[in-house]
Each structure stands twice: as structure tokens, then as C-alpha cells.
Amino acid sequence: MTTIPSENAKVLQADWLVVQGDTLVAGGGLGIREGRVQAVLEGEGSARRLAERWGVPLQRLGASILAPGWVNAHAHLELSHLAGRITARGGFPEWVSRLLVAKERTPASQWPRSIEWGVTRLLQSGTTFVADIDSVGASTRDLGALPIRSRAYRESLDVHRPERTAQAIAGLSALPPAHPLRGVGLAPHAGFSVSPALLAVLGRKAREWGLPVTQHWSETSEEVRWMLWGDGPLAGWLGPSPQRSGLDLLQDCGLLGPQTSLVHGNHPQTGEPERLARAGTTLVHCPGSHRYFDRAPFPLQAFLQAGVKVALGTDSWASNADLHMGREVALLRQSHPSIDAVRAWSMGTEFGALAVGMGGSIGRLQPGCFADAAAYSASGHSQADVLEWLTTQAPMASQLWIGGRAAPLIGIDA
Ligand SMILES: [Zn+2]
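If you use this note's numbering, the sequence shown closes out at 1421, no skipped numbers anywhere.
If you want it as C-alpha cells, here you go:
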């Protein structure tokens, strides 16, 4: 029998193991090796036997639920220092104006600290992956030093002004070096802020570099109006309207497909949910941000009935009361009582994995998946209410593992 070096092997066992939404194991455990789940264990006996075979101690978590970490499919960690400082009063355009002023006043030394604050809160809430939008370069540079798996999507925009297109393209000149915990991607900001010329370049780069893409889409009715007809309140500060839908523009550039996630989708036009489903494009909904702006009810059923996979994200702390994925899932269930615990769980985990190009690697604890897991202190739960509790009570994690390594929950520097 091969002896496994103990620093690379771990056996965990808890009162409940959540492998994925529809697979729970009472008293189950995980055999973890080289950062990945090697075995799902059916009870304490099999966990003990594997620990003996590997020559490692069995880590009994006791009255706990061991589950895949949440997958946050949309965040702007660089804005975490603006928590509670930018009011939504007056609506989205006013919020954007205040945000731009606040960003202008932010010293460069603040960005890495903001990312660290955001990551700390995500880890505490049991989140093991974050898809982060990087508009200032800090996330691409600094996220890899933090103990969370991530993808930093570089943001590009030119607000449909040709004089800004070349500058946006120049910002894409090189890819950051590979990192074991950090992926990269491209983020053409939104249809109303990225010209067809810039989008075409981003589409070519995404193909050339093999990168996933994410874009804000159909967030406000003003945006849809300007995109299709060129009028409304956005007309004053943007260049010429393409007079086409965001989905048409993405399709022209080969970006309407499974490699792309779209964020928000609050105002889909007739047939657009079906179009996303056919393309295999994931939609990311941000319940806390939706509430922050007091938006009209999110048309979740239209997307689900069309067969679209809907993932969840926190958006930024400048437009949300918290960066807590369990809270996002709980808010989703409050706003959409017809969504059951299994579907809500999948939206917060494996559908997020699909959105960020990590399907089958994260969001589940099956053999072969990264061992990205959270434990929650809990006792007395039955099979029927484990997921109910996790998706309605927004518990804080008691322990966390990223790639099988324990991650700190209080202060990144600890
Ligand atoms: Zn966003």
C-alpha cells in the first residue's frame, strides 16, 4: 500500500456531509489528497479506516455540517472600503456618479486593503471562490496572495467614444502569470459602456488566450432603452448608440456562449431568456444588490422556465449591505418562495462554478473536485432540514479549507 505524505493528505468527518444539493451523507467524511477530494466516505468507520491507511489522524468535526464552499459569481472587491458610504438614493445613475467620484478620491494604497477586507468577509461566510471584476489592476495583482480561489476579470470600457477605445485595448497587452489559486478572465463592462469595436477586440483576445468572459447585462431599463433606441437619460454622456441589443453584439463577436456569464438580467426582452439557454450562457443574479437599489422583482421564473442556469453573486460592498453568500441565498429564497432548498443551494454553488468556467472542479465535493469546503457548527439537523437551514439562516463558517488547506477566518494576516 502506498504511504501518503501526511501534509498532503487529510480525512475529515462530520455529522452531515453535503456532497452536492441532492446528495447528503449522515456521518459522512472526505478523503483529501493533493488538494482534491479523493474519496467520499459513508460514515465514521470508513473515515477511520482511510485515515489509518493513509497514516493521518481522523479529523472529527463533530456537531457540524461539512459542505462545498459557496461560489460568489460576481463581486467588485476593490470597492469594499465604500461599504455603507454610497447611498442608492435617487436611483442607479446617481449611484454611479457618486461611485465614480469616490473611486477618483481613492488612493492607490487602498485597493489591496479593500480586496483583503472583502476576501476576509467572504471566507468568514463560507465562500471559497470569488469571481472578481478588476477595474484598477489590484485584483489581478493581489488576489493570488490571499487564501481564496478566484478569477479576476479585467474590466474594459470606452463608453462608445472612439478616442477611448485604443486606450482600453492597450490595457490588455499582457496576461498575468499563472497562479495555482487564481484564474483570469475578461470583463467588457456592459453593452452601454463598451463599443462594438472594443467588444470585437475583446472577443478575439478571449479566444486567443482561452479566457472566460463576464459582462453586466440588462441591469436597468435606461440601459436597454439607450442600447436599442439611443434615447433616454444615458444619451447625454455616451457616444453613439449601437441601436442593437447587448445579446446581438455579443453574438457578433462570438461571445454569446458557455464561456460567458451575464450579470443582472433585470430587463430581458421577449425571447432573450430562451436565447441565453440555447447558448449555454449562465446568468448571475445578485439578490443583495437588487434589494439595495429597491429594484422591481427579478424575473427569475422567466429564466428558469427557459432553462437558463442562474448563479448568484454579491456584487460590491458599495451596493450591498454585506459580502455574505449565505445571506444572498437566503434573500433569494425570501424573494422567491417557490425556489426550494436544493435549487437555491445549486445556484450558490455548482451553477456559480459553471458561470466562472470551473464546472465540475468547484461547487461540489465529489471525487476529483478541489477540496474547497466549509464547516458550520450545527447539531440536531435531520436529512430534510440541513439544506433548508443552510439556505435560509446565513450561518457563518466555523472552519474552511481551500484546496484542502485550512484557511484563516479572522484576518488574512493571522
Ligand atoms: Zn457588478
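The C-beta atom is built at its ideal place from N, Cα and C for all residues, glycine as well.
- Looking only at L1263, T1127, S1342, G1076, the smallest Cα-Cα distance to W1224 is reached by L1263.
- In terms of side-chain proximity, the C-beta atom of D1322 is found nearer than 8 Å to a non-hydrogen atom of ligand 1.
- Only residues of its own chain outside the window of five on either side were considered, and among them G1333, A1337 have a CB closer than 8 Å to the CB of Q1400, listed in chain order.
- Of the residues assessed, A1378 falls on the buried side of the cut-off, its CB having 16 or more other CB atoms within 10 angstroms.
- Under the 8 Å Cβ criterion, the stretch 1067 to 1074 counts as touching the stretch 1387 to 1398, having at least three qualifying pairs.
- With contacts defined by Cβ atoms closer than 9 Å, G1050 and G1038 do not form a contacting pair.
- Taking the Cα of G1028 as reference, the smallest distance to any Cα among F1310, Y1383, F1358, L1416 is reached at F1358.
- Put simply, the stretch 1131 to 1142 touches the stretch 1077 to 1090. At least three CB pairs are less than 8 Å apart.
- According to the DSSP secondary-structure assignment, Q1250 is paired through a beta bridge with no residue.
- In this structure, the alpha-carbon of D1149 lies about 11 Å from that of S1121.
- Residue burial is scored here from C-beta neighbours: I1409 has at least 16 other C-beta atoms within 10 angstroms and is therefore classed as buried.
- Within 10 angstroms of the beta-carbon of W1118 lie 16 or more other beta-carbons, which makes it buried.
- Look at V1208 here: in three-state DSSP terms it is helix.
- When Cβ pairs closer than 8 Å are counted between the two stretches, the stretch 1264 to 1274 is seen to touch the stretch 1225 to 1233, the count reaching three or more.
- In its chain, beyond the 5 residues on either side, no residue has a beta carbon closer than 6 Å to the beta carbon of S1345.
- Here G1125 carries a helix assignment [DSSP, helix/strand/coil].
- Annotation: V1336 is outside any beta strand (DSSP E); the continuous alpha helix (DSSP H) that includes it extends over 1332 to 1342.
- Excluding sequence positions up to five before and after N1327, its CB lies within less than 7 Å of the CB of G1295, S1296, Y1299, T1321, all in the same chain and listed in chain order.
- For A1378, there is no enclosing beta strand (DSSP E), as DSSP gives it neither H nor E.
- Within the model, the alpha-carbon separation for G1144 versus R1211 is close to 21 Å.
- With 16 or more neighbouring CB atoms inside 10 Å of its own CB, T1147 falls in the buried class.
- The three-state reading of DSSP puts G1190 in strand, counting E and B together.
- For I1122, the Cβ stays outside the 8 Å cut-off from all heavy atoms of ligand 1.
- For F1099, the three-state secondary structure derived from DSSP is helix.
- With contact defined as three or more Cβ pairs closer than 8 Å, the stretch 1014 to 1028 and the stretch 1039 to 1049 are in contact.
- The C-alpha of P1203 is placed about 9 Å away from the C-alpha of D1259.
- According to DSSP, residue pairing for H1292 in a beta bridge involves L1319.
- The residues L1086, S1087, L1089, A1090, G1125, L1330, in chain order, have a CB closer than 7 Å to that of W1324 in the same chain once the five nearest residues on each side in sequence are set aside.
- Relative to ligand 1, even the nearest heavy atom lies 8 Å or more away from the CB of H1274.
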